[in-house]
């Protein structure tokens, strides 16, 4: 017997032995159908069962590859909460937006500590303004928390709960090229007689920070990096003490068109069931109800004629005015140079992930703080329309100028006047024959007007002109001489409702 005969047919096929039956399936060959119990769907079911596991593995891999941005924990701040006159005037302005003349009680929601649990807080009831659409007390910033942010960062906890924070006088190493310069008003030309700080100076972490923490970013390393900049800050200050921060304009961020409030549905026809019951299953009653719904949608867009030009915003702030580089003063130049130095250094060291240019501003209203959380802007046009409130902080001429830019924003009185177009629509319902004809025309000309429910609004939005945001309002809140740059804990509150400071660098 030859060796070839001792090898089974299956072995011939799988072991590579020459055989004319290699292309044929052996008798004991287990096909996929046999392995699956002669059920052709079982193989598909096995693959279908494996798909969720594969998706789970892919989801985990994607999470590892693209982790979420860590939550901000700290930020660098120019403190503005230590100026009593600023607190008094801005608090009076905030109260006036709610119609209050008493400024002794701040309108901002302050969560006080309870006696039973020092860590627990009882939130003050939220109050809604009747003068400014979208404004309530939960978005009002307490003057005791005023500041200008120089950078937001996410820091790890220190290894030692009570770390030592020695003062570092180690000079910063110059050399190399960095990011492009920020906007011109953040890097103006230096006044004569003062050597400008180079925007191409590359700043490295102090040696002690790098060796001790091995790349970890903690409050200790952030403070040490901030204090390492003091030699350069002194060079920019040129013997002066503190930074002069002028509060010259009031402006807004994240603007959008204000949506009109839904009017009271006093002119909307009853439901189909109610009309059918009173009209004896009359078809005209059903058609009358359909027309009533169409009319209600039209009224929603015309009940306030100036609503389409209203400007909404998420942030109301105070800050320095934009000044051309050729007219910049020495104090303003020092402010921008020091702030840009700190912001740029922490960005290069990886502490600040935000790549947007620095914008100095002190927030006094912030819609992102709204409780409960809802994405609703406040109406900036309504604020400018309150001349008595704006006069508390603004230059007299600028208040009249703000109203002259957009006369339609003065809509406080318009809300109390019935629109004649509304009277003409709801004066009397048309005759049944006219109702039927109007409904048929609406269905033929605008087939989506009744069914889709949103096509009329979409067409109306497409016809709106571009949103025109009023220019910044000139205010007269003086100049704050800030004596330090500090590291504050995000979302923290001390006994006086101020942010908790971990320390900083003195501006002298």
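Residue numbers (the UniProt record's numbering): 1 to 508.
Backbone N, C-alpha and C fix where the C-beta goes; we use that ideal spot for every residue, glycine too.
Open item on the list: If you follow the alpha helix (DSSP H) that residue 231 is in, where does it begin and where does it stop?
Closed with: Walking along the chain shown from the start, residue 231 turns up at place 231. Residue 231 -> alpha helix (DSSP H) spans 230-237.
TODO: Throw me the rounded Cβ distance for the residue 236 and residue 334 pair, which I believe falls under 8 Å.
DONE: Within the chain shown, residue 236 is the residue found at index 236, counting from 1. Within the chain shown, residue 334 is the residue found at index 334, counting from 1. Yes, they are in contact, since the Cβ atoms of residue 236 and residue 334 sit about 6 Å apart, within 8 Å.
Open item on the list: Quick check on residue 356: buried or exposed, where buried means 16 or more other Cβ atoms within 10 Å of its Cβ?
Closed with: The count along the chain shown starts at 1 and reaches residue 356 at position 356. Exposed, because fewer than 16 other Cβ atoms sit within 10 Å of the Cβ of residue 356.
Task: 7 Å CB neighbourhood of residue 167 in its chain, flanking five on each side removed - done: The count along the chain shown starts at 1 and reaches residue 167 at position 167. Interpretation of residue 167 is limited by its pLDDT of 39, a score under 50 that renders its predicted location unreliable; the figure taken from the coordinates is listed afterwards. Cβ neighbours of residue 167 beyond the five flanking positions: 227.
- [ ] Please report how far the alpha carbon of residue 185 lies from the alpha carbon of residue 348, in whole angstroms.
- [x] What you label residue 185 is simply residue 185 of the chain shown in a count that begins at 1. What you label residue 348 is simply residue 348 of the chain shown in a count that begins at 1. Confidence at residue 185 is low in this model, with a pLDDT of 40, below 50, so the placement of that residue should be treated as unreliable; the coordinate-derived value is given next. Cα to Cα, residue 185 sits roughly 21 Å from residue 348.
TODO: With a cut-off of 8 Å on the beta carbons, I'd call residue 369 and residue 91 a contact; round off their distance for me.
DONE: Taking the chain shown and counting its residues from 1, one reaches residue 369 at position 369. Taking the chain shown and counting its residues from 1, one reaches residue 91 at position 91. With a Cβ gap of about 17 Å, residue 369 and residue 91 do not count as contacting.
Task: Cβ contact check for the region 233-249 and the region 466-484: 3 or more pairs under 8 Å - done: yes
Task: Closest Cα partner of residue 465 within the set 323, 485, 311 - done: As a working mapping, residue 465 is identified with position 465 in the chain shown. Ranking 323, 485, 311 by Cα distance to residue 465 puts 311 first.
Task: Helix, strand or coil at residue 404 [DSSP, three-state] - done: Numbered from 1 along the chain shown, position 404 holds the residue referred to as residue 404. Confidence at residue 404 is low in this model, with a pLDDT of 43, below 50, so its placement is unreliable and no value can be given for it.
TODO: Ignore the nearest five residues each way along the sequence and tell me which others in residue 476's own chain have a CB closer than 6 Å to its CB.
DONE: Locating residue 476 in the chain shown gives position 476, counting from the first residue. Taken in chain order, the residues that qualify are 395.
TODO: Could you check how far apart the C-beta atoms of residue 126 and residue 383 are, in whole angstroms? I think they sit under 8 Å.
DONE: Here residue 126 refers to the residue found at position 126 of the chain shown. Here residue 383 refers to the residue found at position 383 of the chain shown. Actually they are not in contact, since the Cβ atoms of residue 126 and residue 383 sit about 18 Å apart, beyond 8 Å.
Task: Reference residue 69, options 134, 107, 155, 143, closest by Cα - done: Counting from 1 along the chain shown, the entry for residue 69 is found at position 69. Out of 134, 107, 155, 143, 155 has the C-alpha closest to the C-alpha of residue 69.
Task: Secondary structure of residue 485, DSSP reduced to three states - done: Stepping through the chain shown from its first residue, residue 485 is reached at position 485. Note: residue 485 maps to strand in three-state DSSP.
Task: Anticipated Cβ contact below 8 Å, residue 389 with residue 108, distance rounded - done: For the purposes of this step, residue 389 is taken as the residue at position 389 of the chain shown. For the purposes of this step, residue 108 is taken as the residue at position 108 of the chain shown. Residue 389 to residue 108, Cβ: 16 Å. No contact.
Task: Cβ-Cβ separation, residue 74 to residue 489 (assumed contact under 8 Å), whole Å - done: Reading the chain shown from its first residue, position 489 is the one you call residue 489. Reading the chain shown from its first residue, position 74 is the one you call residue 74. Indeed, because the Cβ distance is near 6 Å, the residues count as touching under 8 Å.
- [ ] Name the residue from 391, 386, 313 whose alpha carbon lies nearest to the alpha carbon of residue 376.
- [x] The residue given as residue 376 occupies position 376 in the chain shown. Here the closest residue by C-alpha is 313.
Task: residue 494, enclosing beta strand (DSSP E) - first and last residue - done: Within the chain shown, numbered from 1, the residue matching residue 494 stands at position 494. Where residue 494 is concerned, there is no enclosing beta strand (DSSP E), given that its DSSP letter is neither H nor E.
Task: residue 252 vs residue 150 beta-carbon contact at 9 Å - done: Position 252 of the chain shown, counting from 1, holds the residue named residue 252. Position 150 of the chain shown, counting from 1, holds the residue named residue 150. Result no, Cβ atoms of residue 252 and residue 150 do not sit closer than 9 Å.
Open item on the list: Is the separation between the beta-carbon of residue 365 and that of residue 94 shorter than 9 Å?
Closed with: Position 365 of the chain shown, counted from the first residue, corresponds to residue 365. Position 94 of the chain shown, counted from the first residue, corresponds to residue 94. Yes, Cβ-Cβ distance for residue 365 and residue 94 is below 9 Å.
Task: Within 9 Å, strictly: CB atoms of residue 255 and residue 467 - done: Residue mapping note: residue 255 aligns to position 255 of the chain shown, counting from 1. Residue mapping note: residue 467 aligns to position 467 of the chain shown, counting from 1. Yes, the pair counts as a contact, with Cβ atoms nearer than the cut-off.
Open item on the list: In whole angstroms, give me the CA-to-CA distance for residue 353 and residue 158.
Closed with: Along the chain shown, read from residue 1 onward, the residue named residue 353 stands at position 353. Along the chain shown, read from residue 1 onward, the residue named residue 158 stands at position 158. Between residue 353 and residue 158, the C-alpha separation is close to 20 Å.
- [ ] For residue 566, name the three-state secondary structure that DSSP assigns.
- [x] Because residue 566 is not part of the residues shown, which for the chain are 1 to 508, the question remains open.
- [ ] Report, in whole angstroms, the separation of the C-beta atoms of residue 505 and residue 141, which I expect to be a contact under 8 Å.
- [x] Here residue 505 refers to the residue found at position 505 when the chain shown is read from its first residue. Here residue 141 refers to the residue found at position 141 when the chain shown is read from its first residue. Incorrect: roughly 25 Å between the Cβ atoms, too far for contact.
Open item on the list: Between residue 129 and residue 83, how many whole angstroms is the CB-CB distance? I'm expecting something under 8 Å.
Closed with: Counted from its first residue, the chain shown places residue 129 at position 129. Counted from its first residue, the chain shown places residue 83 at position 83. The Cβ separation is near 26 Å, so there is no contact.
Open item on the list: Taking the beta strand (DSSP E) that residue 74 belongs to, which residues open and close that run?
Closed with: Counting from one through the chain shown, the residue named residue 74 turns up at place 74. It spans 74-79 - the beta strand (DSSP E) in which residue 74 sits, taken as one unbroken run.
Task: Neighbourhood of residue 135 by C-beta, 7 Å cutoff - its chain only, sequence neighbours within 5 removed - done: For the purposes of this step, residue 135 is taken as residue 135 along the chain shown, with counting starting at 1. Once the five neighbours on either side are set aside, the close Cβ partners of residue 135 are 97, 129, 378.
Task: Same chain, Cβ closer than 7 Å to residue 493, five either side skipped, listed in chain order - done: Counting from one through the chain shown, the residue named residue 493 turns up at place 493. No residues qualify anywhere along the chain.
- [ ] Consult DSSP for residue 92 and reduce its assignment to one of helix, strand or coil.
- [x] In the chain shown, counting from the first residue as 1, residue 92 sits at position 92. Residue 92 falls in the helix class under three-state DSSP.
Task: Backbone CA spacing between residue 374 and residue 367 [nearest angstrom] - done: The residue labelled residue 374 in the question sits at position 374 within the chain shown. The residue labelled residue 367 in the question sits at position 367 within the chain shown. So the alpha carbons of these two residues sit roughly 9 Å apart.
Open item on the list: In whole angstroms, give me the CA-to-CA distance for residue 362 and residue 215.
Closed with: Taking the chain shown and counting its residues from 1, one reaches residue 362 at position 362. Taking the chain shown and counting its residues from 1, one reaches residue 215 at position 215. Distance between the alpha carbons of residue 362 and residue 215: 32 Å.
TODO: Please classify residue 349: does DSSP put it in a helix, a strand, or coil?
DONE: Locating residue 349 in the chain shown gives position 349, where the first residue counts as 1. Reduced to three states, the DSSP call for residue 349 is coil.
- [ ] Starting from residue 246, follow the beta strand (DSSP E) in both directions and report where the run begins and ends.
- [x] On the chain shown, position 246 is the one that residue 246 refers to. Looking at the DSSP string, the run of the beta strand (DSSP E) that includes residue 246 is 243-246.
Task: Beta-bridge pairing of residue 256 - partner residues as DSSP gives them - done: Looking up residue 256 in the chain shown gives position 256. Answer is 312.
Open item on the list: For residue 148 and residue 358, what's the separation of their Cα atoms in angstroms?
Closed with: Counting from one through the chain shown, the residue named residue 148 turns up at place 148. Counting from one through the chain shown, the residue named residue 358 turns up at place 358. Each residue's Cα considered, the two are about 10 Å apart.
TODO: Determine the direct distance from the alpha carbon of residue 78 to that of residue 325, and round the result to whole angstroms.
DONE: Within the chain shown, residue 325 is the residue found at index 325, counting from 1. Within the chain shown, residue 78 is the residue found at index 78, counting from 1. In this model, residue 325 and residue 78 are separated by some 23 Å (Cα to Cα).
TODO: For residue 239, count neighbouring Cβ atoms within 10 angstroms of its own Cβ and tell me buried if that reaches 16, exposed if not.
DONE: For this step, residue 239 is matched to residue 239 along the chain shown. With fewer than 16 Cβ atoms within 10 Å of its Cβ, residue 239 is classed as exposed.
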